[in-house]
Amino acid sequence: MSLSIYTYSNPYEINNEPYWDSIRNCAHFCVSQTMVNGLSAVYDELDNGQLATVEELVEALYPRWFDTKTYIEQYTILTNTLDKVTPNIEADRWKKIKQSLRFNKSALLDSIRLMAEMGLLLKNIKIKKITEEQMYLVAAYNAILRGENAEIFALKKNFSESEIDNAVKIALVAKDKRRGKEVKAIESVDCNTVVIHGIHQFTPTILSMLEEVSKYKRVVLLFNYQQQYNEIYQTWLDVYSCFDLNIKSQFNNEFKPTTLLQPSYEGNMLADQIGRLANGTLIEKNKDINNVKVVEFDNITEFSAYVARIYEEAAKDFHADEHKNGSVLSYMKEQFYSANNSVNDILKVYFPEQFGERHFLAYPIGHFFVAVTNMWDSENGGIRIENMNDIAECLYSGVLYEKKVGSLITTFNQTRNYFSRATKLEGDSETDGVIDLLKKLKKQISKLNNGKIEYNEQLAKLSYFNVELDEIDELIEALEALNTITKIFYEDFENENNNFKHFYEKLKDFVETQILPTADAETEFQDILLRLLARLEEVEKIESTSTFDCLKDTMAYYLKQESQKGESANWIVRDFQQIDGDILKSSTQDPDTIYHFACVSDSDMNVKREDQFPWPLTIEFFERAYEPLDWKYQVYVKSRKEFKHFKRYALIYGLEFNRCKVKLSFIKNDDDKENELYYILKLLGVKTEKNIHDTTEVHERQNITFDLGKNTNNFVDLDGFRRRICGYRFALESLIENGTKYQDRFLQAKYLEIILANNVRRKLEGQIATEAIMNETLDDSAERLRRYFRFLNESEITDIKSNAKSAIIHQALQDGKIKQFPKVTDIDFEMMRKKEEFIYLHLENENQENVLLGKFNDLTTAEKKQFLPDNLKNASYDKEANIWCQWCAVREKCLENYKSLVEI
Numbered sequence: 070m071s072l073s074i075y076t077y078s079n080p081y082e083i084n085n086e087p088y089w090d091s092i093r094n095c096a097h098f099c100v101s102q103t104m105v106n107g108l109s110a111v112y113d114e115l116d117n118g119q120l121a122t123v124e125e126l127v128e129a130l131y132p133r134w135f136d137t138k139t140y141i142e143q144y145t146i147l148t149n150t151l152d153k154v155t156p157n158i159e160a161d162r163w164k165k166i167k168q169s170l171r172f173n174k175s176a177l178l179d180s181i182r183l184m185a186e187m188g189l190l191l192k193n194i195k196i197k198k199i200t201e202e203q204m205y206l207v208a209a210y211n212a213i214l215r216g217e218n219a220e221i222f223a224l225k226k227n228f229s230e231s232e233i234d235n236a237v238k239i240a241l242v243a244k245d246k247r248r249g250k251e252v253k254a255i256e257s258v259d260c261n262t263v264v265i266h267g268i269h270q271f272t273p274t275i276l277s278m279l280e281e282v283s284k285y286k287r288v289v290l291l292f293n294y295q296q297q298y299n300e301i302y303q304t305w306l307d308v309y310s311c312f313d314l315n316i317k318s319q320f321n322n323e324f325k326p327t328t329l330l331q332p333s334y335e336g337n338m339l340a341d342q343i344g345r346l347a348n349g350t351l352i353e354k355n356k357d358i359n360n361v362k363v364v365e366f367d368n369i370t371e372f373s374a375y376v377a378r379i380y381e382e383a384a385k386d387f388h389a390d391e392h393k394n395g396s397v398l399s400y401m402k403e404q405f406y407s408a409n410n411s412v413n414d415i416l417k418v419y420f421p422e423q424f425g426e427r428h429f430l431a432y433p434i435g436h437f438f439v440a441v442t443n444m445w446d447s448e449n450g451g452i453r454i455e456n457m458n459d460i461a462e463c464l465y466s467g468v469l470y471e472k473k474v475g476s477l478i479t480t481f482n483q484t485r486n487y488f489s490r491a492t493k494l495e496g497d498s499e500t501d502g503v504i505d506l507l508k509k510l511k512k513q514i515s516k517l518n519n520g521k522i523e524y525n526e527q528l529a530k531l532s533y534f535n536v537e538l539d540e541i542d543e544l545i546e547a548l549e550a551l552n553t554i555t556k557i558f559y560e561d562f563e564n565e566n567n568n569f570k571h572f573y574e575k576l577k578d579f580v581e582t583q584i585l586p587t588a589d590a591e592t593e594f595q596d597i598l599l600r601l602l603a604r605l606e607e608v609e610k611i612e613s614t615s616t617f618d619c620l621k622d623t624m625a626y627y628l629k630q631e632s633q634k635g636e637s638a639n640w641i642v643r644d645f646q647q648i649d650g651d652i653l654k655s656s657t658q659d660p661d662t663i664y665h666f667a668c669v670s671d672s673d674m675n676v677k678r679e680d681q682f683p684w685p686l687t688i689e690f691f692e693r694a695y696e697p698l699d700w701k702y703q704v705y706v707k708s709r710k711e712f713k714h715f716k717r718y719a720l721i722y723g724l725e726f727n728r729c730k731v732k733l734s735f736i737k738n739d740d741d742k743e744n745e746l747y748y749i750l751k752l753l754g755v756k757t758e759k760n761i762h763d764t765t766e767v768h769e770r771q772n773i774t775f776d777l778g779k780n781t782n783n784f785v786d787l788d789g790f791r792r793r794i795c796g797y798r799f800a801l802e803s804l805i806e807n808g809t810k811y812q813d814r815f816l817q818a819k820y821l822e823i824i825l826a827n828n829v830r831r832k833l834e835g836q837i838a839t840e841a842i843m844n845e846t847l848d849d850s851a852e853r854l855r856r857y858f859r860f861l862n863e864s865e866i867t868d869i870k871s872n873a874k875s876a877i878i879h880q881a882l883q884d885g886k887i888k889q890f891p892k893v894t895d896i897d898f899e900m901m902r903k904k905e906e907f908i909y910l911h912l913e914n915e916n917q918e919n920v921l922l923g924k925f926n927d928l929t930t931a932e933k934k935q936f937l938p939d940n941l942k943n944a945s946y947d948k949e950a951n952i953w954c955q956w957c958a959v960r961e962k963c964l965e966n967y968k969s970l971v972e973i
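Each residue of the sequence shown is one higher than the last, beginning at 70 in the working numbering.
This is how it looks when you write it as structure tokens:
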């Protein structure tokens, strides 16, 4: 095995190292794409096709291991193994354990793959020192190895020299081929020497690759090491010493901060001070870091808003530049690196294009397949609805026919509460399905339209009674089509051999005949579909038979398109593992560019790697329960343990070798915990300052304008009350929707409480106020009304009756002081009418002020004149947020209430 280890002190002067001439024209593989970019920017002689990532080399050497087909086959084998295993323990206990294993099956498979990659011998595992979960892992892996499919879990070994040569050459051009770019010529590259740059976190496949490649080629491991900051850099020596090889170093060109590098001097000096403090050699703090401040962001949302503003400004500059030199990221005035990468979860929502192409399942049609898979009940052979949003996804996808785009989802949203308790599309002799309930709703709407329902006026305020009959027919037809399509895909799945292959063949045919012809040829989506079909061409290779649940688990994995995958180098906020490559580009950038190192709090800098080992493996398993046999085991385990020290190194490296301006920040509050500034910065006396930049974009109020039409003379006092409360609510309810229409489930339930109390109050006028009479009337009225509020369960109906009873006692009987129900006066009728429209006529804020005071007084002459057509056309309809928003029937369309809650 030809393997050697070299270090360099200064990443800008690797070409001054004594070994440089022997490696510069060789094949170089870097830990990350950012390091590839950085070395290309600094060393022209490396920009000739000999730079790629280690990941490319590993995948070129082990293509089958990383192939989706292999993963699915392994997943199905594991699934079938778990189904067959019957250990000698209590049946109930095994049932619970099996359920846990199934729930964590993906992690379980990752553990088995890890054990296979490491070449662990099960006979060397000390069973007495592992957990119960790990015992089942070992048992499952052992069963697989004893089965007929054991070779599918074997990582290839013993490559020929030509296979190694071919893998190296494939890896060097893989990125260009994947992106469809012109492939650089690599004939002049010396592929007999392979240089590996900057790996701190070794994986078993990387280590296996090193072992195999070094059988035929000279392999050089290269990393940055500085003797002057030996305490910080000790983590690298601890990892590489496990190779049991001589580490060759010289320290003639270690960098020292200099005022000649003025833009970066403060950051360079801060790095020096951190290094000396860690070494215990800092005698006195250098005054040159007195001006260094750490910006304090209150929370992750504030930080993400700050980053988003920087990105949006860069995007504007990028699109305005005719020459477009580089990507949007290169136009950002601040380059972000974070010790906590969760901010990207927020940024992905707003800028998905920057994080790689959306895959098939991210489009509405992809959501359709996820939704129907979620709903299919394999035991009973039909659709079972556990979440109505699955139905919504199907209707929104565009797969089902609709006369007008969006009409199906609109009708569904208006009526969904009516059938929200249904668990099937088609009912049976015992329960109604969604389609059955829609047919019942249709009959009720017909009666309502013909005035044949007792509560005609009240029910007209419910959204599902404001749907046209032909719209319900269209929705029923779409749901019946959905039922048919789902059965085509899944009905015989459990009874087929090779059922995975047959399913994907059906999917391929459906995409080719039903979806692709309707896709816009110029859109990214059509490209996604074509590449999906290319992947589905491989279905002949999938020879797996397993359960529907197994298909469900693996479908998302299989359908995700990664042939144009996004790289972390293109993320808006990169993590600390990308600093050591990216920072080199600072030497060629505008010195006013700011390198922003974020999330430098104690908790984020000292956190251990969350995904250190897949469940149920732990560090204790590797340290106590297994006898290591080779150097690869030692290197892997040590690198995992050393990750906690890596971020400290990355921070000092970034500060020291940055050649632009620098900024530091941390997030004060996260997950209901208060973070502290990184302790080493506190020891140096670095001060914090709150973020003073306005991260909330100023939005001008937008007043709505529209054609009023001819019906502008039917306004009543209720419209005037609406306008007093909120102009926007008046515009939506009075001008567009012709009155209040309750669509929100919570408000519909509250509305039932109001109309139930009003109806009982009318029926009981003049009667003796006994408990029995009141309860009987409440029960009778509730029973008559509940058929129109099918979404409410028994306990909710009971609560509504109780609340209505309390309201009657309080308002009509003056809290029990009156023993006979008084006559319902005109004033009472007016109050009932207003409550049905506004729910509450008295609302107090936190200062105990009635915010509705005066809102329901008689309209003045001036207010009535506002309803004249010319005045309506020229009026503004501003949103007025207040506590009344939570009782507003159009709150889901306005959203002002949610905005005010966020701002609070």
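The C-beta atom is built at its ideal place from N, Cα and C for all residues, glycine as well.
All figures in this text were calculated on a predicted structure; none of them were measured in a lab.
message = Rounded to the nearest angstrom, what separates LYS756 and LYS393 at their Cα positions?
response = What you label residue 756 is simply residue 687 of the sequence shown in a count that begins at 1. What you label residue 393 is simply residue 324 of the sequence shown in a count that begins at 1. Cα to Cα, LYS756 sits roughly 39 Å from LYS393.
inquiry  = According to DSSP, simplified to helix, strand and coil, what is VAL282?
reply    = What you label residue 282 is simply residue 213 of the sequence shown in a count that begins at 1. Residue state, collapsed to three classes: helix.
ask   = Could you give the distance in angstroms between the alpha-carbon of VAL767 and the alpha-carbon of ARG378?
value = Sequence index remark: in the sequence shown, residue 767 carries index 698 (1-based). Sequence index remark: in the sequence shown, residue 378 carries index 309 (1-based). With a pLDDT of 44 at VAL767, under the threshold of 50, the predicted position of this residue should be treated as unreliable, and no value is reported.
request  = With GLU906 as the anchor, note down where its alpha helix (DSSP H) starts and where it stops.
outcome  = Taking the first residue of the sequence shown as position 1, residue 906 is located at position 837. Where GLU906 is concerned, the enclosing alpha helix (DSSP H) stretches over 895-907.
query = With 16 other CB atoms within 10 Å as the buried threshold, where does LEU329 fall?
reply = Against the sequence shown, residue 329 aligns to sequence position 260. Label assigned to LEU329: exposed.
task = Give the secondary structure of ARG643 by DSSP, where H, G and I count as helix, E and B as strand, and everything else as coil.
result = Residue mapping note: residue 643 aligns to position 574 of the sequence shown, counting from 1. The answer is strand: DSSP assigns ARG643 an E or B state.
ask   = Among residues of its own chain, excluding the 5 on either side of ILE213, which ones have a beta-carbon nearer than 8 Å to its beta-carbon?
value = Sequence index remark: in the sequence shown, residue 213 carries index 144 (1-based). Cβ neighbours of ILE213 beyond the five flanking positions: ILE146, LEU147, THR150, ILE181, ALA219 and PHE222.
ask   = Three or more beta-carbon pairs under 8 Å between the region 403-413 and the region 637-656, yes or no?
value = yes
Range of the contiguous beta strand (DSSP E) that encloses TYR77 = In the sequence shown, the residue the question calls residue 77 occupies position 8. Note, TYR77: beta strand (DSSP E), 72-77.
message = For GLY520, count the other beta carbons within 10 Å of its own beta carbon; 16 or more makes it buried, fewer makes it exposed. Which is it?
response = Here residue 520 refers to the residue found at position 451 when the sequence shown is read from its first residue. Exposed, since its Cβ has fewer than 16 Cβ neighbours within 10 Å.
query = How should GLY502 be labelled, buried or exposed, when 16 other C-beta atoms within 10 angstroms of its C-beta is the threshold for buried?
reply = Numbered from 1 along the sequence shown, position 433 holds the residue referred to as residue 502. With 16 or more other Cβ atoms within 10 Å, it is buried.
ask   = Just how far apart, CA to CA, sit LYS417 and ASP116?
value = In the sequence shown, residue 417 corresponds to position 348, counting from 1. In the sequence shown, residue 116 corresponds to position 47, counting from 1. The alpha-carbon atoms of LYS417 and ASP116 are separated by roughly 31 Å.
message = Restricting to Cα atoms, I'd like to know which of ASP367, GLU280, PHE271 and LYS164 is closest to VAL263.
response = Within the sequence shown, the letter at position 194 stands for residue 263. Measuring from the Cα of VAL263, the nearest candidate turns out to be GLU280.
query = With which residues is SER734 paired in a DSSP beta bridge?
reply = Along the sequence shown, read from residue 1 onward, the residue named residue 734 stands at position 665. SER734 pairs with VAL364.
ask   = Going by other Cβ atoms of all chains shown within 10 Å of its Cβ, with 16 needed for buried, is LEU698 buried or exposed?
value = Along the sequence shown, one-based indexing puts residue 698 at 629. Result: exposed.
ask   = What runs of the alpha helix (DSSP H), each 4 residues or longer, lie entirely inside the region 152-201?
value = 160-172 and 174-187
message = Let's test the definition: count the other Cβ atoms within 10 Å of the Cβ of LEU733 and tell me whether it reaches 16, buried, or not, exposed.
response = Counting from 1 along the sequence shown, the entry for residue 733 is found at position 664. It is buried - the Cβ of LEU733 has at least 16 other Cβ atoms within 10 Å.
ask   = Can you give the Cα-Cα distance for LEU922 and HIS911, rounded to whole angstroms?
value = Counting from one through the sequence shown, the residue named residue 922 turns up at place 853. Counting from one through the sequence shown, the residue named residue 911 turns up at place 842. When rounded, the distance between both Cα atoms is 7 Å.
key: Cβ neighbours of GLN296 in the same chain (closer than 6 Å, five flanking residues each side left out)   = Sequence index remark: in the sequence shown, residue 296 carries index 227 (1-based). Once the five neighbours on either side are set aside, the close Cβ partners of GLN296 are PHE320.
message = Using only CA atoms, which one of ASN639, ARG856 and HIS436 lies nearest to ALA461?
response = Position 392 of the sequence shown, counting from 1, holds the residue named residue 461. The residue with the shortest Cα to Cα distance from ALA461 is HIS436.
request  = Return the residue from the list LEU601, MET457, ARG287 and ALA958 that minimises the CA-CA distance to LEU576.
outcome  = Counted from its first residue, the sequence shown places residue 576 at position 507. Of the residues LEU601, MET457, ARG287 and ALA958, the one whose Cα lies closest to the Cα of LEU576 is LEU601.
task = Over the uninterrupted beta strand (DSSP E) stretch that includes ASN261, give me the two end residues.
result = Translated into the one-based positions of the sequence shown, residue 261 becomes position 192. Counting along the chain, the beta strand (DSSP E) containing ASN261 begins and ends at 259-266.
request  = Let me know the secondary structure DSSP gives GLY796 once reduced to three states.
outcome  = To locate residue 796, count along the sequence shown from 1; it is residue 727. Residue state, collapsed to three classes: helix.
message = Tell me which residue opens and which closes the beta strand (DSSP E) that LYS759 is part of.
response = Taking the sequence shown and counting its residues from 1, the one referred to as residue 759 is at position 690. Element bounds for LYS759: 756-759.
query = Where does ILE255 fall in DSSP's three states?
reply = Residue 255 sits at position 186 when you count from the first residue of the sequence shown. Looking at ILE255 - three-state DSSP - the assignment turns out to be coil, as it is neither helix nor strand.
task = Taking all protein chains shown into account, decide if PHE815 is buried (16 or more other Cβ within 10 angstroms of its Cβ) or exposed.
result = One-based indexing of the sequence shown puts residue 815 at position 746. Exposed.
query = How about ASP259 and CYS99: are their beta carbons less than 8 Å apart?
reply = Indexing the sequence shown from 1 puts residue 259 at position 190. Indexing the sequence shown from 1 puts residue 99 at position 30. No; because the gap between Cβ atoms is not below 8 Å, this pair is not in contact.
key: C-alpha gap between THR582 and SER447, whole angstroms   = As a working note, residue 582 is residue 513 in the sequence shown. As a working note, residue 447 is residue 378 in the sequence shown. Between THR582 and SER447, the C-alpha separation is close to 26 Å.
ask   = What is the DSSP secondary structure of GLY118, counted as helix, strand or coil?
value = As a first step, residue 118 is located in the sequence shown; it is residue number 49 there, counting from the start. Reduced to three states, the DSSP call for GLY118 is coil.
query = When DSSP labels each residue in this structure, what does CYS729 get in the three-state scheme?
reply = Locating residue 729 in the sequence shown gives position 660, counting from the first residue. DSSP places CYS729 in coil when its eight states are reduced to three.
key: C-alpha distance - THR304 paired with GLN270, whole-angstrom precision   = Within the sequence shown, numbered from 1, the residue matching residue 304 stands at position 235. Within the sequence shown, numbered from 1, the residue matching residue 270 stands at position 201. Taken atom to atom, the span from the alpha-carbon of THR304 to that of GLN270 is near 11 Å.
inquiry  = PHE429 and ILE736 - do their beta-carbons sit closer together than 8 Å?
reply    = For the purposes of this step, residue 736 is taken as residue 667 along the sequence shown, with counting starting at 1. For the purposes of this step, residue 429 is taken as residue 360 along the sequence shown, with counting starting at 1. No, these two residues do not count as a Cβ contact at 8 Å.
task = Kindly indicate which three-state DSSP category LEU598 falls into: helix, strand or coil?
result = Your numbering for residue 598 matches position 529 in the sequence shown. In the structure shown, LEU598 falls within a helical segment according to DSSP collapsed to helix, strand and coil.
request  = Within 10 angstroms of the Cβ of SER515, are there 16 or more other Cβ atoms? Answer buried if so, exposed if not.
outcome  = The count along the sequence shown starts at 1 and reaches residue 515 at position 446. Answer is exposed; the Cβ neighbour count stays below 16.
inquiry  = Check for me: the beta strand (DSSP E) holding VAL289 runs from which residue to which?
reply    = Your numbering for residue 289 matches position 220 in the sequence shown. It spans 287-293 - the beta strand (DSSP E) in which VAL289 sits, taken as one unbroken run.
query = Name the DSSP beta bridge partners of ALA96, please?
reply = Walking along the sequence shown from the start, residue 96 turns up at place 27. In the DSSP output, where bridge partners are listed per residue, ALA96 has VAL263.
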